[in-house]
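K.L.:
Residue numbers (the numbering used here): 682 to 825.
(1) Taking the CB atoms as reference points, tell me whether residue 732 and residue 792 lie closer together than 8 Å.
(2) Name the residue from 788, 705, 777 whose alpha carbon lies nearest to the alpha carbon of residue 812.
(3) Taking DSSP as the reference, what is the three-state secondary structure of residue 824?
(4) Identify every residue that forms a DSSP beta bridge with residue 752.
(5) By DSSP's criteria, residue 728 is part of a beta bridge. Which residues make up the other side?
(6) Could you tell me if residue 705 is buried or exposed, where buried requires 16 or more neighbouring beta carbons within 10 angstroms of its beta carbon?
(7) Considering only the alpha carbon of each residue, which of 692, 699, 753, 743 lies closest to residue 817?
(8) How long is the line joining the alpha carbons of residue 774 and residue 746, rounded to whole angstroms?
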């Protein structure tokens, strides 16, 4: 599996934990999702309808060597915020090529399937797919 080092470290952290501790770690990630810059507004961001909660994302791949990711997720949706934060911490600053090479199902390696519903996991897959598509569109077709 080809993961940027920051995302690989997150996967390793989850893999080392018992199921109940994985939920705790996911909630810790939820509290770490950065606020949107004041210049960015949800209306200009892409919605992720695969998520049960309203989440929006934006990708800036103008610098192919360091892609910037932005997420907006409500505090009352900690699972969704946690997924967004994992993707932010794991992929923000990665190159367009590194993001393109992330397997679409990498999140299975987090080991959350036993504690998070498949519908919620589909939301994380939707976020990743939209990130990868936006990166490919903005960087001239880099895709996996």
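A virtual CB, placed ideally from N, CA and C, is assigned to each residue, including glycine.
Because the structure is a prediction, the values reported are computed rather than measured.
P.N.:
Looking at the coordinates:
(1) No, the pair does not count as a contact, with Cβ atoms beyond the cut-off.
(2) Checked all of 788, 705, 777; the closest Cα to residue 812 is 777.
(3) Reliability of the predicted coordinates at residue 824 is poor, the pLDDT of 47 falling under 50, and no value is obtained from them.
(4) For residue 752, which the question treats as bridged, DSSP gives the partners 738.
(5) For residue 728, which the question treats as bridged, DSSP gives the partners 737.
(6) The residue is exposed, with fewer than 16 neighbouring Cβ atoms inside 10 Å.
(7) Of the listed residues, the one whose Cα sits closest to residue 817 is 743.
(8) C-alpha separation (whole angstroms): 8 Å.
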